[in-house]
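Here the structure comes first, spelled out in structure tokens, and everything after it is commentary.
In the numbering used here, the protein residues as written are 30 to 269.
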């Protein structure tokens, strides 16, 4: 069984080794966490792996911002990315990257706009809680388009879901059904989030100021949670 922390002993090593679109997706998710929203970030890359559009979840942001869907239930990170793409651009060789497994709405939008590939780091904890996650262990869905690749390795799966669940715990409380359901389905990540929110995630966000400092300060417990999760599941997403 592979140790998820073996390839990168420190946060800086792991962060540098992570693909730039994945890093940017996590940065945008962190921006949503800081803003009090749902921590999901996404980017679109072209055939040269250059980022051509980006977005974060803005469903809980007030209307009138830079994203046209902002403040609406449609303002998922992936839809904000696709809404920023000009009409007529061919997307067959583009990749939509997300910190979380895209929901059915976002996946359908990617298919409708002919995005070639979707890559994501972590299964959506809401989808896990609702029994709607399509994730496997490094699963590739070849039935597309789009081709769907995810989730990523356990280190980044845990890191992304720490951001996501912390955003729910911070906004809605640790008694929220998504957090409660994940206590049983993804216990390693949820325990970390409960400790984080209970100790004052808002204070940590104010003090840390960047995703590198935020995740770097949590890297030892994230690595421990990833190792424990891998031992428990073999890298699979827990079935509800």
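Note that the Cβ used here is the ideal one computed from N, Cα and C, for glycine as well.
Review point. Looking only at C-alpha atoms, which of 220, 245 and 84 sits nearest to residue 72?
Key: 84
Review point. Which ranges does the alpha helix (DSSP H) cover as unbroken runs of at least 4 residues, wholly within the segment 59 to 140, from first to last along the chain?
Key: 106 to 112
Review point. In the structure shown, what three-state DSSP assignment does residue 308 receive?
Key: For residue 308 there is no data in the structure shown, the boundaries of the chain being 30 and 269.
Practice item. Would you list the one or two residues that DSSP bridges to residue 146? Key: 124 and 176
Exercise for review: With DSSP as the reference, label residue 151 as helix, strand or coil.
Suggested key: strand
Check your understanding: What is the DSSP secondary structure of residue 161, counted as helix, strand or coil?
Key -> coil
Exercise for review: Would you decide whether residue 66 is buried or exposed? Buried here means 16 or more other CB atoms lie within 10 Å of its CB.
Suggested key: buried
Check your understanding: Which of helix, strand or coil does DSSP assign to residue 9?
Key -> With the chain represented from 30 up to 269, any question about residue 9 goes unanswered, as that position is not in the structure.
Check your understanding: Can you give the Cα-Cα distance for residue 222 and residue 238, rounded to whole angstroms?
Key -> 18 Å
Review point. From residue 55 to residue 200, what does the alpha carbon distance come to, in whole angstroms?
Key: 19 Å
**Study point:** Cβ shell of residue 145 (< 7 Å), same chain only, five flanking positions each side left out
**Key:** 120, 121, 122, 123, 124, 174, 175 and 176
Point to revise | Span separating the alpha-carbon of residue 44 from that of residue 57 | key: 15 Å
**Study point:** Own chain, CB closer than 7 Å to residue 155, minus 5 neighbours either side, in chain order
**Key:** 207
Check your understanding: For the putative contact between residue 219 and residue 187, defined by C-beta atoms under 8 Å, what is the C-beta separation to the nearest angstrom?
Key -> No, residue 219 and residue 187 are not in contact; Cβ-Cβ is about 10 Å, not under 8 Å.
Review point. Going along the chain, which residues of its own chain have a beta-carbon closer than 6 Å to the beta-carbon of residue 68, five neighbours each way excluded?
Key: 58, 61, 62, 192, 193 and 196
Exercise for review: Indicate the three-state DSSP secondary structure (helix, strand or coil) for residue 196 in the structure shown.
Suggested key: helix
Review point. Would you say residue 112 and residue 102 are within 8 Å of each other, going by their C-beta atoms?
Key: no
**Study point:** Delimiting residues of the alpha helix (DSSP H) encompassing residue 242
**Key:** 240 to 246
Exercise for review: Check whether the Cβ atoms of residue 80 and residue 50 lie closer than 8 Å to each other.
Suggested key: yes
Point to revise | N-terminal and C-terminal residue of the alpha helix (DSSP H) that residue 202 is part of | key: Here residue 202 belongs to no alpha helix (DSSP H), and DSSP marks it neither H nor E.
Point to revise | 6 Å CB neighbourhood of residue 1 in its chain, flanking five on each side removed | key: In the structure displayed, the chain extends from 30 to 269; residue 1 sits before or after that span and is not available.
Review point. Should residue 231 be labelled buried (16 or more other beta-carbon atoms within 10 Å of its own) or exposed?
Key: exposed
Practice item. Take the Cβ of residue 91 as the centre, count every other Cβ of all protein chains shown within 10 Å, and call the residue buried at 16 or more, exposed below. Key: exposed
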